[in-house]
Amino acid sequence: MSYDSGLVQRVQDALSRVGERSYREKNVFGGRGFLIGSTTFAIVWDTKLIVKAPPEDYAALLSEPGITPFAPDNEKPMSTWLVVESDVIADDPELAEWVGRGLRAVRRR
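Just add 64 to the spot in the sequence shown (first one is 1) and you have the working numbering.
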């Protein structure tokens, strides 16, 4: 799977707007991953976003339209990881909200 470079740029812009400078990027699951230290919090995957959700929010977020569990190769879903469809993050404020969730999920450790 490849990733949408325009969506990568939008994620970078969202992180810049909130003053996040400590992240790094690398290829993950065939997409472009965003990490804090060695922990991934979001992955641009094709035109979708895969996001690590805070555990307490996971079940509620799954009930939202356009959100599914992340289950690579149709195996068991990865704990608290969600796939966010492109129409859910079509607008920058919504994308920023999802990126923020991923950051909160990895920072709460």
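Glycine is no exception: its CB is placed at the ideal position from the N, C-alpha and C atoms.
Nearest CA to the CA of residue i: which residue from the options?
| i | options | result |
| --- | --- | --- |
| Y87 | W109, A78, E128 | A78 |
| A117 | W145, W109, F98 | W145 |
| T111 | A169, V147, R172 | V147 |
| E89 | R81, Q73, G83, V82 | Q73 |
| E149 | N138, P133, E139 | P133 |
| S66 | E84, N91, G83, R85 | N91 |
Quick check on residue i: buried or exposed, where buried means 16 or more other Cβ atoms within 10 Å of its Cβ?
| i | result |
| --- | --- |
| T104 | buried |
| V75 | buried |
| R96 | buried |
| L126 | exposed |
Is residue i near residue j, with beta carbons less than 9 Å apart?
| i | j | result |
| --- | --- | --- |
| I131 | L71 | no |
| R171 | I114 | no |
| A135 | P129 | no |
| V108 | D68 | yes |
| F213 | A106 | The requested residue 213 is not part of the displayed model; the chain covers only 65 to 173. |
| R81 | A169 | no |
Three or more C-beta pairs below 8 Å linking the segment 158-171 and the segment 113-129: yes
3 or more residues per run - each beta strand (DSSP E) lying fully within the segment 129-159: 131-133, 145-148
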